[in-house]
Amino acid sequence: MNNHYRSFLQKDLLRALILILLWPAALFAQDEKELAPVTRTYAITNVNIIQAPGRRIEMATLVVKDGLIVSAGKGVVIPPGAVVIKADSMYVYAGFIDGLSHTGVTKPKDENKDKVKDPGNPAPDRAGINPQLDVRNFLIPADKSVEELRNIGFAVAQVVPFGNLLSGQASIVLLGGKSSDDMVLSARTALYSELSGAGNVYPSTILGVMAKWRELYRQAALAKSYEALYASNRSGLARPSEDRILQAFYPVIDQKTPVLFRAEKILDVQRVFALKSDLNFPLILADVKEGWPIINKIKASGVRVFLSIDLPEEKKKEDKKEVKKNEKSRKDSTGVAAKPKTVADLEKEALEKRRDEAIANYTAQAAHFQNAGVPFGFSTMSAKSKDIQANLRRMIAAGLSEDAALAALTTAPAQLLGLSDRLGTIDNGKMANLVISDKPYFNEKAKVRFVFVDGMLYTVEIKESKKSDGGTKAIASGTWSYAAETSQGTNSGKVVIKDENGSYSGTITSSFSPDKERPLATISLDGNNLTFSYAIDAGGNKVNVEVTVTIDGDTFEGTMTAGQFGSFPIKATKDPRR
């Protein structure tokens, strides 16, 4: 073998050795880099297409390509390379739209809740005045709330930052994507506000909040006028100061951006209308729970409205049986009343009657708005995701038509938010936001199986409720050491549950307030599924915390939900008996 050939062979072997050594690194680099999907084309076959309320194509094919709907109907040709989803008589709807929520946003830590030197003149952020904040800076795609809302059919939500008075700028976001920028469909869509004070500082009362609102708005109008004057002739005029808080009002003053006001009760709505009358800003009312008494006023105003999808807890059937039992106990064997009702009995009956009437009115609110011809969408701000489908069925049972319920989830919010050209119906050219359920969506047994968000497919895992062997209940009584991962950090403590012949009572402690023991309410055990609730004080406001867990021997795991503050995972282990 000559030297030239030997040298060539050595170099070739060296190249091969280097390639072998570098090959795992190259593979690792490929693993790190997100690979594009093989195809973004899907064909959903043998599906009942509900294009919009009142528009339906039975047993048809729907084709999605590159995030858009490209064809829907019978005899549609399936493109080569498409992923075929055999729907087998399932139902597909346009993805639902939420008018107001904190979905994808975690509550910031309350780092400014310490004592303020001058409570009558606190810093703006301590007073809850942050209109310049942009919710895009707080979006977390992997937040559990995104998946929870998407799994029941929602593809889009108008999301706002946490806070009170003026917490920042809303954006309309997609409930999917790898980054906050991926999620944003339309940015800075509204200035979000609540009629709630910061607690222990000005403004802390409703009247103070309204006075501060007027003051800020009028200051912003003056500042904007002066900036325009300065821009037209700078000579001899002092340079206007930069004020991001006041500048956040400018698009509202120009009638380009609405104020998105959360107003649950009738008095809240009336007060917001008073502010609108004084200042003349474009308005969206959201999370309305008590709007039926002033429907005519809302209709005449032309204000856009999103009704709360939250409902009061339904009266349990056991309660009705108990009433009959009590009535029976008042009669002797001849059927004649044994003793008259006491004043306490009459007061209790009157209270129960008022409660039943209030629940009926809340449940029928959407039907009242439908009958009055007022278009509306829904807000999930106050609701728990697991209750939304049941709440919709309750509204339908109270008089809301299924077409009107579907419109409030799709076409109406698309129109109210100016998105009808892209969302709300299943038509060619619209965004591929879709929800596919195994039965008609409002059927009690319907389960969502697939959701498309901007053409991205999400498969919903169907979780069956755990049942104890032999139909026996798990043992809930005992002392449980728990930990919950919240936006404020890890909250830990003890849950003590006592069982007295099937009647449960208990208490809970928290590392956030170690000196306080809170009583548990509405403790219920169904098989392995344990639920309970308790009340906490959040800046002067009472917040009901609801816990839903599954017991597995001496451990449980589930979710802790604190109203508008979000849901957090909770785990616990039972302490050994001493």
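Numbering (my numbering), first residue to last: 423 to 1000. For each residue, glycine too, the CB sits at the ideal point set by N, CA and C.
Asked: Whole-angstrom C-beta distance between residue 965 and residue 992, which should lie under 8 Å; Found: Between residue 965 and residue 992 the Cβ distance is about 16 Å, and since that is not below 8 Å, they are no contact.
Asked: Nearest candidate by alpha-carbon position, reference residue 775, set 982, 631, 737, 549; Found: 737
Asked: Cβ-based neighbour list, residue 853, same chain, cut-off 7 Å, excluding 5 preceding and 5 following; Found: 489, 490, 844, 845, 876
Asked: For residue 526 and residue 566, the rounded distance between their alpha carbons; Found: 7 Å
Asked: Inside the segment 575-637 only - alpha helix (DSSP H) runs reaching at least 4 residues; Found: 602-605
Asked: Short Cβ contact (9 Å threshold) for residue 817 with residue 708; Found: no
Asked: Option nearest residue 976 by Cα separation, candidates 764, 810, 901, 815; Found: 901
Asked: Whole-angstrom distance between residue 967 and residue 954, CA atom to CA atom; Found: 9 Å
Asked: Under 9 Å between C-beta atoms of residue 989 and residue 823; Found: no
Asked: Reference residue 585; option with closest CA among 564, 600, 617, 905; Found: 617
Asked: Stretch pair the segment 642-654 + the segment 562-578: three plus CB contacts closer than 8 Å; Found: no
Asked: Integer-rounded CB distance, given that residue 519 should sit under 8 Å from residue 836; Found: 6 Å
Asked: Bounding residues of the beta strand (DSSP E) (the contiguous stretch that carries residue 737); Found: It is not in any beta strand (DSSP E) - residue 737 carries neither H nor E in the DSSP assignment.
Asked: Rounded straight-line distance, which links the Cα of residue 675 to that of residue 701; Found: 9 Å
Asked: Burial state of residue 878, where buried means 16 or more other Cβ atoms lie within 10 Å; Found: buried
Asked: N- and C-terminal bounds of the alpha helix (DSSP H) containing residue 1037; Found: Residue 1037 lies beyond the residue range present for the chain, which begins at 423 and ends at 1000; the question has no answer from this structure.
Asked: Exposure of residue 455, with buried meaning 16 or more beta-carbon neighbours within 10 Å; Found: Since pLDDT at residue 455 reaches only 40, below the 50 mark, its modelled position is unreliable, and the value read off the structure follows with that caveat. The residue in question, residue 455, is exposed, as its Cβ has fewer than 16 Cβ neighbours within 10 Å.
Asked: Between the CA atoms of residue 522 and residue 465 - distance to the nearest angstrom; Found: 32 Å
Asked: Straight-line gap, residue 931 to residue 635 (C-alpha atoms, nearest Å); Found: 38 Å
Asked: Neighbourhood of residue 864 by C-beta, 7 Å cutoff - its chain only, sequence neighbours within 5 removed; Found: 814, 815, 818, 824, 827
Asked: Range of the contiguous beta strand (DSSP E) that encloses residue 694; Found: Element bounds for residue 694: not the beta strand (DSSP E) but the alpha helix (DSSP H), 688-701.
Asked: Start and end residues, alpha helix (DSSP H) containing residue 863; Found: Unbroken run through residue 863: none, as it is neither H nor E.
Asked: Inter-stretch contact (C-beta, 8 Å, three-pair minimum) for the segment 786-793 and the segment 501-512; Found: no
Asked: Pair within 9 Å by beta-carbon distance, residue 483 and residue 472; Found: no
Asked: Residue 936, enclosing beta strand (DSSP E) - first and last residue; Found: 935-941
Asked: Residues bridged to residue 684 (per DSSP); Found: 616, 708
Asked: Euclidean distance between Cα positions of residue 662 and residue 668; Found: 12 Å
Asked: CB-CB length for residue 681 against residue 612, believed under 8 Å; Found: 7 Å
Asked: Delimiting residues of the beta strand (DSSP E) encompassing residue 814; Found: First-last for residue 814: 807-819, but that is the alpha helix (DSSP H), not the beta strand (DSSP E).
Asked: Among 733, 734, 715, 831, the one whose alpha carbon lies nearest that of residue 790; Found: 715
Asked: Close Cβ partners of residue 933 (< 8 Å) along its chain, the five nearest in sequence each way excluded; Found: 912, 913, 914, 915
Asked: In DSSP terms, what residue 508 is bridged to; Found: 467
Asked: Cβ neighbours of residue 660 in the same chain (closer than 6 Å, five flanking residues each side left out); Found: none
Asked: Beta-bridge pairing of residue 496 - partner residues as DSSP gives them; Found: None, per the DSSP bridge assignment.
Asked: C-beta contact flag for residue 800 and residue 731 at 9 Å; Found: yes
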